[in-house]
Amino acid sequence: MPTTRRSLTHKFQIAGHEGYLTIGLFEDDQPGEVFIKMSKEGSTLSGLIQGFCRAFSLALQYGLSIEDAVDRFRGMRFDPMGPTNNPEIPEASSILDYVARYLEFHYCERPRTRS
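Quick note: to get the working numbering, add 3 to the position in the sequence shown (first position is 1).
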């Protein structure tokens, strides 16, 4: 990743749980890193989410396509799950499902067939 880079931060809610997704972009405006910060979550969940972010980011930086990365995490089910505040993604089955679907909606070129 470049030392100085553009990024996008997206605020979201899943079943009343508020979070922030920050996406660091390569020079071609494709995702190269992700960070997730959840409000009011315990240290175990926060630690697991940060581990996911590191692994996901490294996979993108070492050449895994965003489409393949999204395919691995879309549809994962665990709490919090439920309605979101995003009309593009009205329901999410987990934080990782939401992030994968957000990335898919905004950065993937090929249409998805899996729900």
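C-beta atoms are modelled at their ideal positions from N, C-alpha and C, and glycine is treated no differently.
Please read all numbers here as calculations on a predicted model, not as lab measurements.
- Comparing C-alpha distances from residue 27 to each of 87, 38, 15 shows the shortest one belongs to 38.
- Under the DSSP assignment, residue 53 falls in the alpha helix (DSSP H) whose first and last residues are 46 to 64.
- Each residue's CA atom was taken as its position, placing residue 8 and residue 51 some 25 Å apart.
- Closest option to residue 10, judged by alpha-carbon separation, among 35, 19, 74: 35.
- Short of 6 Å from the beta carbon of residue 76, and not among the five residues preceding or following it, lie these beta carbons of its own chain, in chain order: 99, 103.
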